[in-house]
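Read the structure below first, then the notes.
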Amino acid sequence: MATGENIEGIIDHKLFSEDDIEEMTDRLGKQLTKDYAGKFPVVIGALKGAIYFLTALTPKIDVKMQLDFLDVSSYGNGFSSSGNVKLITDITCDVKDRDVLIVEDIVDTGQTLKFMEDLMRERGAKSVKCCAMLNKTARRVDDVTVDYYGAHVQNEFVVGFGLDYLNAYRNIPYVGVLKQSVIDAHKDEE
Ligand code: IMP
Ligand code: MG
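At the far end of the sequence shown sits residue 894, using this note's numbering, and the numbering has no gaps.
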């Protein structure tokens, strides 16, 4: 991957600004505060993409909660899901009889979310729900419900605010569509 480039130069156009993301987390935080009132959920962030969204969202959920993290990999290459989901790093807490809220950056084919939800259900979670920053439904293959999400996206590849291409560009402070030329330039690395 090229280094030294101005990272925002790889963005074709901005899709969700910092203000848009703030509005999403305000709205979702209010909703989750209502829905989890009186509960003590385990909020599980899907590494690494969800960390920015989880960090922005959870202070807006006025409910006692525990945080944990799970790392699963599903990408065969930089931008399309392989369908072969693997557990890389497990959570550290017991989810038996707990209300689990999985926080994702984006749900695309749904295979990653299905894997995580099945794992939590097998372990005896009382409830398993998902809150994703973005919901990309065009390529959905697994029957999963994204219970809460910030916004829909079309079938285009987005980076920033946690979302990566080849594990880079997560630190762009907004969500933008990646230039096709960047994908073409890195084709050999996939
Ligand atoms: P799924 O298993 O196809 O639903 O893939 C979910 C994962 O793919 C997400 O957690 C992201 O890491 C990644 N992903 C899907 N679409 C995009 C995108 O447009 N940009 C960056 N990552 C994406
Ligand atoms: Mg990713």
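Heads up, the beta-carbon is just placed ideally off N, CA and C, and yes, glycines get one too. All figures in this text were calculated on a predicted structure; none of them were measured in a lab.
How long is the line joining the alpha carbons of ALA855 and LYS800, rounded to whole angstroms?
Roughly 31 Å between the two C-alpha positions.
Helix, strand or coil: how does DSSP classify ASP766 here?
Taken through DSSP and simplified to helix, strand or coil, ASP766 comes out as coil.
Would you call the CB atoms of VAL747 and ILE725 closer than 9 Å?
Using a Cβ distance threshold of 9 Å, VAL747 and ILE725 do not count as a contacting pair.
Is the Cβ-Cβ distance between VAL881 and LEU838 less than 9 Å?
No, these two residues do not count as a Cβ contact at 9 Å.
Just to check, is the beta-carbon of TYR869 closer than 8 Å to a non-hydrogen atom of the ligand IMP?
Between the ligand IMP and the CB of TYR869, the shortest heavy atom gap is smaller than 8 Å.
Does the region 881 to 891 come into contact with the region 862 to 870, if we say contact requires no fewer than three beta-carbon pairs (one atom in each stretch) closer than 8 Å?
yes
I need the DSSP call for LEU870, collapsed to helix, strand or coil.
coil
Tell me the DSSP bridge mates of GLY749?
BP columns for GLY749 point to PHE773 and VAL807.
Note the first and the last residue of the continuous beta strand (DSSP E) segment covering ILE715.
Per DSSP, the unbroken beta strand (DSSP E) holding ILE715 starts and ends at 715 to 720.
Which same chain residues, not among the five before or five after GLU712, have their C-beta less than 7 Å away from its C-beta?
ILE876
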